[in-house]
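Colleague:
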Amino acid sequence: MKAFIAVAAMSLMLGAPALAEEKRGEKMAPRSPSVLSAEDIQSVAPALARFGSEVLIGDLWQRTELSRRDRSIVTVAILIARNQPAELKHNVEVALDNDVTAAEISEIVTHLAFYSGWPNAMAAVAVTKDIFVARGIGREQLAAASPELLPLNQAVENQRSTTVEQNFGAISPGLVKFTTQPLFLDLWQRPGLKPRDRSLVTVSALIAAGQSAQIGYHLNRAMDNGLTAQEAGEIVAHAAFYAGWPNAFSAVAVVSEVLRARGLAG
Amino acid sequence: MKAFIAVAAMSLMLGAPALAEEKRGEKMAPRSPSVLSAEDIQSVAPALARFGSEVLIGDLWQRTELSRRDRSIVTVAILIARNQPAELKHNVEVALDNDVTAAEISEIVTHLAFYSGWPNAMAAVAVTKDIFVARGIGREQLAAASPELLPLNQAVENQRSTTVEQNFGAISPGLVKFTTQPLFLDLWQRPGLKPRDRSLVTVSALIAAGQSAQIGYHLNRAMDNGLTAQEAGEIVAHAAFYAGWPNAFSAVAVVSEVLRARGLAG
Amino acid sequence: MKAFIAVAAMSLMLGAPALAEEKRGEKMAPRSPSVLSAEDIQSVAPALARFGSEVLIGDLWQRTELSRRDRSIVTVAILIARNQPAELKHNVEVALDNDVTAAEISEIVTHLAFYSGWPNAMAAVAVTKDIFVARGIGREQLAAASPELLPLNQAVENQRSTTVEQNFGAISPGLVKFTTQPLFLDLWQRPGLKPRDRSLVTVSALIAAGQSAQIGYHLNRAMDNGLTAQEAGEIVAHAAFYAGWPNAFSAVAVVSEVLRARGLAG
């Protein structure tokens, strides 16, 4: 009964007039938590349908600690990293409704070809191309294959490349080479995603894949480029739902270390 | 040749009269190790078909260190955690034949929405709903969305929530909040799965995802609720087949620590 | 524009005359980096199509630090370990074109049933059986289910089994038993893959799944059986593209330790 009321409440909350108002100001929460209908979810797990409407949509996506645009970026990155095309389809649609541009989606897929692997990006392409066709999004709306790159901070890059070369230059010259070019001298300098957003995508993918060891470097980079401590903490809360509690708890320990090292946590 | 004999032997072993007897007493081993037919497996890898019949069905599922009902719960949890819908379909059928109730399957899916992530649960819903329809399982057979919850052990919960709040309350207030409600005050208190089984599901999902760091807490909780040392060891053996040897070896080191700390291993 | 030139250049490079020459000598690079067409990739991410042609095919697969046959084995192992059937289909075709035999593909699938889990192997069977049918590959071309096994190095096996028994014999007798038989006394002794290649498959799957803790043992075993230091380093570079940079960086640290311990790195 409680679930029915909640669903009814949600559909009122997200109904036409409220939606119209939202369209003018705030971004939208997803109308539905899944590509599956509430009825399908209820037919297997009524409690899950309740958690989807009451908690996932009715609470998590309403929280202001992270913007809805950022939540969409985090969600899309997690789903590409975990290779879940069915829910990715749903959430690319939500992201486009939340003012993540097609060019940015394109850039996120490209970025995660490197951070989650080429096959994950191919699965994302397969899902996204149909959405782009359906929305009439053509190549002219996407980032160019070879745009003018952002100016490079040569000092930071020198430090990075020297460290990697010293550690692994004799072990895997190929890895060191490709990490410099195309990874850091090309991909990371592409203008299609703001550096803060590119780091947000990277951190989200690392949390989603349980790759805790590399979260620290990229979270610091994200915060150097404008991500706030509050946003960092809320990314973890969002990831708990989309990548599971264990990955969130592995990540929050690293976030805690980073924030303390930056003097941003008690 | 040996493989053909083994397959023939298996089909005799699992033939009608033996099956009828089993139905009255013990639970059944799966008739087949996969949604794929033995012929399909043989057409690619004859040895794999042999291992499937001789070892997976002919040995692992016959072992009494873990009941067949428990093996089904472990298998379903692993397949949801690793997002493998084709084999999940096969093993939800096996689980229902092994007296895991539809209500329990429903609860396992709901539980793993939190421990393996919402998208994994959605993939499990997509598979399970068709099985429920085919078996005529309606919502009246499932756990209610908001049932009366199990009584809470307030002392244990206070300790848990205090620790999490102290460690991460300033870092990710959202994660801390959602971990309390709905995770520990709602999901874990739902009566649709016995606490021992809920912990069995959690431990299985953690092993399957290689999340060793969090196995210890949940294995202790499982054993506090009745899981035996022998069962703990056999879960790892079962997981070796369904989640791969490397995950099993990462897990067995943690199981060893837990058992030794509880004075249950030499 | 640059992307179009690159694609044109690639199609010239890989065109008929060069190909004919390659067929006589070197193995082929894949004609395409994905089961998806270049047009599909460009419709979502023009830069990704450029990276696919310029870097993945135009550079990585051209490098001689690892043979194309080895690159195919590594790629197939990674895709089975990460359960990505769409790209696996493409790369099993490439592997067969690169003189990986059907019998070896069959053996890789069988091997990874143990190292990546039975369900991953079943997904690989589903993909591979159609390719075998289309190419007229019948069971007579595959390894027998129970062939005469390679001679066992009893001293090495005694050491392995004693260590595992001492560590985990009292914890999980089932895991210890199945690790001996069928894993080490049967699977690892099958003649269908050379020991060096079997270890190459294992190391690739471990890198792909982020299971760093177990790379060291199997990399040493691979090098004992003939894998060179240069090949070890290049496997990591190859895996960066197919399993993502974070897994490659976790792996390269272990490769570095192994090479230094063997006196093979500065």
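Taken in sequence, the protein lines are chains D, A and P.
Take 1 as the starting number for the first sequence in UniProt numbering and just add one per residue.
Take 1 as the starting number for the second sequence in UniProt numbering and just add one per residue.
Take 1 as the starting number for the third sequence in UniProt numbering and just add one per residue.
For every residue, glycine included, the Cβ atom is placed at its ideal position computed from N, Cα and C.
All values reported here derive from a predicted model rather than from experimental measurement.
1) Output the distance between the C-alpha atoms of A251 of chain P and S212 of chain D, rounded to the nearest integer angstrom.
2) Have a look at A:E157, A:S172 and A:N98 and flag the residue whose alpha-carbon is nearest the alpha-carbon of E65 of chain D.
3) Taking A253 of chain D as the query, report the chain P residues whose CB atoms sit under 9 Å from its CB, ordered along the chain.
4) My output table needs one value for I105 of chain D: the three-state DSSP class, helix, strand or coil.
5) With burial defined as no fewer than 16 other Cβ atoms inside 10 Å of the residue's Cβ, what is the status of D99 of chain D: buried or exposed?
6) For L259 of chain A, which residues in the same chain have their Cβ closer than 6 Å to its Cβ, ignoring the five residues on either side in sequence?
7) Is the Cβ of S199 of chain P closer than 8 Å to any Cβ of chain D?
8) Go to R260 of chain A, then tell me how far its alpha helix (DSSP H) extends in each direction, as first and last residue.
9) Measuring alpha carbon to alpha carbon, tell me which residue in D:A86, D:L206, D:R68 and D:Y242 is nearest V254 of chain D.
10) When the Cα of V164 of chain A is compared with those of A:P151, A:A209, A:Q181 and A:A243, which residue comes out closest?
11) Contact criterion: CB-CB distance below 8 Å. Does P30 of chain D meet it with respect to chain A?
12) Measuring alpha carbon to alpha carbon, tell me which residue in D:M223, D:L227, D:V94 and D:F184 is nearest P151 of chain D.
13) Of the choices D:S106, D:A123, D:A77 and D:T162, whose alpha-carbon is the least far from that of Q42 of chain P?
14) Kindly list the residues whose CB is nearer than 6 Å to the CB of P33 of chain D, restricted to its own chain and excluding five residues on each side of it in sequence; keep chain order.
15) Ends of the alpha helix (DSSP H) at Q42 of chain D?
16) Run through chain D and tell me which residues come within less than 7 Å of L79 of chain P, C-beta to C-beta.
17) Among D:A126, D:A261, D:K194 and D:A237, which one has its Cα closest to the Cα of R71 of chain D?
18) Going along the chain, which residues of the region 32 to 58 of chain P sit with their C-beta nearer than 9 Å to a C-beta in chain D?
19) Give the secondary structure of V201 of chain P by DSSP, where H, G and I count as helix, E and B as strand, and everything else as coil.
20) CB-CB under 6 Å to A95 of chain A, same chain, minus the five flanking residues each way: which ones, in chain order?
21) So, does the CB of D220 of chain A fall closer than 8 Å to a CB anywhere in chain D?
22) List the residues of chain P whose Cβ lies closer than 9 Å to the Cβ of V236 of chain A, in chain order.
23) State the CB to CB distance for the pair G210 of chain D and N247 of chain D, rounded to an integer number of angstroms; the pair is presumed to be in contact (CB under 8 Å).
24) Report the start-end ranges of each alpha helix (DSSP H) in the region 162 to 218 of chain D that is 4 residues or longer and not cut off at the edges.
25) Could you give the residue range of the alpha helix (DSSP H) that holds D130 of chain P?
26) Take the Cβ of Q84 of chain D as the centre, count every other Cβ of all protein chains shown within 10 Å, and call the residue buried at 16 or more, exposed below.
27) Taking 8 Å as the limit between beta carbons, can you name the residues of its chain near P147 of chain A, skipping five residues before and five after?
28) Name the residue from P:V176, P:G138, P:A49 and P:R221 whose alpha carbon lies nearest to the alpha carbon of S199 of chain P.
29) Comparing the C-beta of S72 of chain P with each C-beta of chain A, is any distance below 8 Å?
30) Would you tell me roughly how many angstroms separate the C-alpha atoms of W245 of chain P and T179 of chain P, rounded to the nearest one?
31) Measuring straight from C-alpha to C-alpha, what distance separates E257 of chain P and G174 of chain D?
32) Please classify Q159 of chain A: does DSSP put it in a helix, a strand, or coil?
33) So, are the CB atoms of K89 of chain P and I137 of chain P less than 8 Å apart?
34) How about L149 of chain A and D186 of chain A: are their beta carbons less than 8 Å apart?
Modeller: Working from what's here:
1) 14 Å
2) A:S172
3) Residues of chain P passing the Cβ test: none, with the nearest at roughly 17 Å.
4) It is helical.
5) exposed
6) Only A229 and A265 meet the Cβ criterion.
7) no
8) W245 to A261
9) D:L206
10) A:Q181
11) no
12) D:F184
13) D:S106
14) G52, L56 and I57
15) A38 to V44
16) P119
17) Minimum Cα distance to R71 of chain D is reached at D:A237.
18) P33, S34, V35, L36, D40, I41, Q42, S43, V44, A45, P46, A47, L48, A49, R50, F51, G52, E54, V55 and L56
19) helix
20) S72 and V76
21) The sequence given here places Asn at residue 220 of chain A; Asp does not occur at that position. Not an interface residue.
22) F168, I171, S172, G174 and L175
23) 5 Å
24) 173 to 178 and 195 to 208
25) Annotation: the continuous alpha helix (DSSP H) that includes D130 of chain P extends over W118 to A134.
26) buried
27) R190, P191 and G192
28) P:R221
29) no
30) 31 Å
31) 18 Å
32) It is helical.
33) no
34) yes
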